[in-house]
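If you read the protein sequences in the order shown, they are chains A and B. Numbering follows our numbering, in which position 54 of the first sequence is assigned residue number 54; successive positions increment by one, without gaps. Numbering follows our numbering, in which position 96 of the second sequence is assigned residue number 96; successive positions increment by one, without gaps. The C-beta atom is built at its ideal place from N, Cα and C for all residues, glycine as well. The structure under discussion appears below in the form of structure tokens.
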Amino acid sequence: MNWKTILVHLDNSRRCDVRIRYALDIARRFDAHVIGLYLVCQDLVHHLFEPAEPLLRNGYEQQRRTSLDRAREAFERAAELAGINAEWRAPAGSVLDAATLHGRHADVILLGQDDPDDPDAFVARHFVEDVVLGAGRPVLLVPRTGDFATIGENVVIAWDDSREAARAVADALPILRRARFVEIMTVERHRDIQAPAGIEISAYLDRQGIRASFSSTPRVSGESTGMTLIDKANRVHADMLVAGAYAHSRGLERVLGGVTNNLLQVSTLPVLLSH
Amino acid sequence: MSYKTILVHLDTSVRAHPRLETALQLAKRFGAHVIGLFAVFEPDPRAFNIMAGTAEYYEQHAARRREQRGAIERLFHAEIKRAGVSGEWIETQQRANDSIPRFARCADLIVVSQDDPADPESYVGDHFPETTILTSGRPVLLVPYTGFFASVGKHPMIAWDGSREATRAVHDALPFLKTAERVSIVSVDTPRREAGDDRIPGADIAACVARHGIKAEVSSGGVTPNASAGEMLLSRAADLNADLVVMGGYGHARWQELVLGGATRTFLASMTVPVLMSH
Chain A
1 MNWKTILVHL
11 DNSRRCDVRI
21 RYALDIARRF
31 DAHVIGLYLV
41 CQDLVHHLFE
51 PAEPLLRNGY
61 EQQRRTSLDR
71 AREAFERAAE
81 LAGINAEWRA
91 PAGSVLDAAT
101 LHGRHADVIL
111 LGQDDPDDPD
121 AFVARHFVED
131 VVLGAGRPVL
141 LVPRTGDFAT
151 IGENVVIAWD
161 DSREAARAVA
171 DALPILRRAR
181 FVEIMTVERH
191 RDIQAPAGIE
201 ISAYLDRQGI
211 RASFSSTPRV
221 SGESTGMTLI
231 DKANRVHADM
241 LVAGAYAHSR
251 GLERVLGGVT
261 NNLLQVSTLP
271 VLLSH
Chain B
1 MSYKTILVHL
11 DTSVRAHPRL
21 ETALQLAKRF
31 GAHVIGLFAV
41 FEPDPRAFNI
51 MAGTAEYYEQ
61 HAARRREQRG
71 AIERLFHAEI
81 KRAGVSGEWI
91 ETQQRANDSI
101 PRFARCADLI
111 VVSQDDPADP
121 ESYVGDHFPE
131 TTILTSGRPV
141 LLVPYTGFFA
151 SVGKHPMIAW
161 DGSREATRAV
171 HDALPFLKTA
181 ERVSIVSVDT
191 PRREAGDDRI
201 PGADIAACVA
211 RHGIKAEVSS
221 GGVTPNASAG
231 EMLLSRAADL
241 NADLVVMGGY
251 GHARWQELVL
261 GGATRTFLAS
271 MTVPVLMSH
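Below, the structure is given as structure tokens:
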């Protein structure tokens with residue numbers, strides 16, 4: 001199945017342009033419909049911590065309207081130039097509820113990575129995590145740095161035999177089918193396992209018409225598995241990483257697995273995450 | 001993308017053969033490879049060592065099991081040859097609840113049976129269908145324990161309630177929807193839906209599947225106070241004459257116990273048509 005509806009999160013951050021371009025490039029490839037979902041931080045208190053922010057409500061509303069218009073104009077112009085069927089949405093209400101609801105009606109969701117240097121990139125606490133866990137659709141995370149000339153030509157799959165990894169692979173099939181190189185990477189937890197990990201998933205991909213190589217890396221003590229994966233993926237010049245997103249729900253708070261958290265925070269290449 | 005690897009669970013129950021038939025029929029339609037995974041419940045031999053005379057009984061029992069396993073293996077190979085699809089036979093020594101999810105993760109569709117309370121041979125583990133749905137990460141096609149299904153997925157009915165699991169199920173069922181003759185979406189209105197929301201329930205998901213080239217009819221379920229969502233969906237499936245129900249499978253793994261959602265439980269207990277569930 002191809003991706004036919006691509007949802008991209010829009011805001012006023014400096015990385016929004018890159019995200020729009022990335023979404024439009026994917027849309028062109030799949031002949032898909034793009035939905036731009038404009039969601040910004042609605043927390044008034046958050047702005048109090050920025051000294052340059054005027055506290056006047058009217059001025060604040062005015063500013064919001066101008067930034068919304070600016071974002072809308074940028075998105076619509078980019079879509080028109082690319083010749084892609086695009087749709088603008090700016091729902092009111094809770095940002096997380098809106099992202100999840102609209103995300104469930106899309107095939108893939110494009111979000112931006114957290115950017116500590118750009119206050120405009122902040123939407124809500126644990127926004128990316130909550131969308132990944134709640135939407136039921138894959139999230140493609142666009143890093144806060146770098147420009148992406150190619151999309152999904154050289155894909156690395158982080159495989160560990162888990163439910164989430166299986167989900168991620170199935171969700172990434174449209175990208176994998178068009179990829180030139182696919183590598184299944186496993187970080188070994190125990191050295192005593194005999195059969196090479198990834199051999200079964202490789203057979204599975206083969207039946208889907210995808211040729212994939214597989215390799216396994218021993219775990220280095222002192223280095224996190226997430227960093228090992230990013231490192232290896234960069235070394236083979238991968239332009240996308242496919243991984244499962246883990247979480248343990250502890251009360252109301254969601255606690256993410258270590259590798260997932262690592263990928264969310266420090267990845268320098270686009271990551272497709274599924275739960 | 002379509003289903004290219006179908007995993008079917010086989011055991012010594014009377015429903016193993018109809019289940020294999022369903023899997024082969026789907027394999028032919030989608031050009032898929034069939035994996036027959038043989039997993040049954042085996043009593044722990046150590047459990048008998050305190051009772052005198054049980055060793056002999058256990059030996060007989062094991063011999064009968066071997067015979068039955070040989071018979072189903074021969075049947076599997078004969079049937080895949082007759083159907084003209086490629087297939088493989090896998091046997092594990094592990095318990096079914098542990099082995100099925102592991103193999104299921106490398107398949108596109110898993111075919112298992114509904115629990116049959118009348119057939120002791122169909123017991124392979126505690127909460128077997130539930131565990132498979134919640135831990136395999138793939139769509140699970142549950143075949144009811146009564147009836148014969150000549151065609152599955154000619155007219156699927158989607159039970160839509162806007163949840164994460166329903167989203168998963170719809171996307172996992174796309175190969176079925178694409179080859180279907182007619183697709184119906186029945187939206188279940190949850191009471192927590194806020195007022196003032198004038199969207200037609202189910203219209204958004206219809207637009208989403210329409211972009212995949214699937215035409216679907218949308219109707220509202222209309223939950224009545226004295227019937228649960230599960231019962232409403234069962235009767236709608238019968239009214240529409242659907243031959244497949246696509247729905248999300250809810251559940252929380254709370255330590256070892258599995259807690260399922262209401263509609264999911266209703267379907268697992270009293271389904272009349274094959275059900276595709278995703279979590």
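Taking a 10 Å sphere around the C-beta of N58 (chain A), we find fewer than 16 other C-beta atoms and assign the residue as exposed. Taking the C-beta atoms as reference points, S13 (chain B) is found nearer than 9 Å to S113 (chain B). Close to chain A, meaning a Cβ-Cβ distance shorter than 8 Å, are the following residues of the stretch 127 to 138 of chain B: T135, S136, G137 and R138. For F148 (chain B), the three-state secondary structure derived from DSSP is coil.
For the stretch 97 to 132 of chain B, the full-length beta strand (DSSP E) segments reaching 3 residues or more read 109 to 113 along the chain. The contact set of E165 (chain B) on chain A, defined by CB atoms closer than 8 Å, consists of G136 in chain order. The residues W159, D161, T186 and S216, in chain order, have a CB closer than 7 Å to that of A197 (chain A) in the same chain once the five nearest residues on each side in sequence are set aside. When only Cα atoms are considered, L96 (chain A) and Y22 (chain A) end up about 22 Å apart.
Within the stretch 86 to 137 of chain A, complete beta strand (DSSP E) segments of at least 3 residues are found at 86 to 89 and 108 to 112, given in chain order. DSSP places Y38 (chain A) inside the beta strand (DSSP E), whose first and last residues are H33 to Y38.
L81 (chain A) sits exposed, since fewer than 16 C-beta atoms from the chains shown fall within 10 Å of its C-beta. Shown here for P174 (chain A): same chain residues with a beta carbon closer than 6 Å to its own, the five before and five after excluded, namely N2 and W3 in chain order. Within the stretch 4 to 22 of chain B, K4 and T5 place their CB atoms closer than 8 Å to a CB of chain A, listed in sequence order.
Shown here, L24 (chain A) sits in a helix according to DSSP, grouped into three states. Residues of chain A with a Cβ closer than 9 Å to the Cβ of D204 (chain B) are, in chain order, L101, H102, R104 and H105. Within chain B, no C-beta atom comes nearer than 9 Å to that of I26 (chain A); the closest sits roughly 14 Å away. For the options A:A149, A:S13, A:I199 and A:E129, the alpha carbon positioned closest to that of P138 (chain A) is the one of A:E129. Around the Cβ of I158 (chain B), a 10 Å sphere holds 16 or more other Cβ atoms; the residue is buried. D25 (chain A) is not a Cβ neighbour of I109 (chain A), given a cutoff of 9 Å.
DSSP lists A:I184 as the beta-bridge partner residues of F214 (chain A).
Of the other Cβ atoms in all chains shown, fewer than 16 fall within 10 Å of the Cβ of I90 (chain B); this residue is therefore exposed. Here Y57 (chain B) is exposed, its C-beta having fewer than 16 other C-beta atoms within 10 Å. The beta carbons of S86 (chain B) and R168 (chain B) sit about 28 Å from each other, so the pair does not count as a contact at 8 Å. In the three-state DSSP reduction, I185 (chain B) falls in the strand class (E or B). When Cβ-Cβ separations below 9 Å define contact, I201 (chain A) makes contact with chain B. Apart from the 5 residues on each side of it in sequence, V131 (chain A) sits with its Cβ closer than 8 Å to the Cβ of L96, A99, T100, G103, I109, L111 and V139 in its chain, given in chain order. At a cut-off of 9 Å between C-beta atoms, M271 (chain B) does not count as an interface residue with respect to chain A. Closer than 9 Å to the CB of R211 (chain B) there is at least one CB belonging to chain A.
Collapsing the DSSP output to three states places H237 (chain A) in coil. Where I199 (chain A) is concerned, there is no enclosing beta strand (DSSP E), although the alpha helix (DSSP H) around it starts and stops at I199 to R207.
For E164 (chain A), the chain B residues whose Cβ falls inside 9 Å of its Cβ are G137, in order along the chain. Looking only at B:L142, B:F30 and B:R29, the smallest Cα-Cα distance to V8 (chain B) is reached by B:L142.
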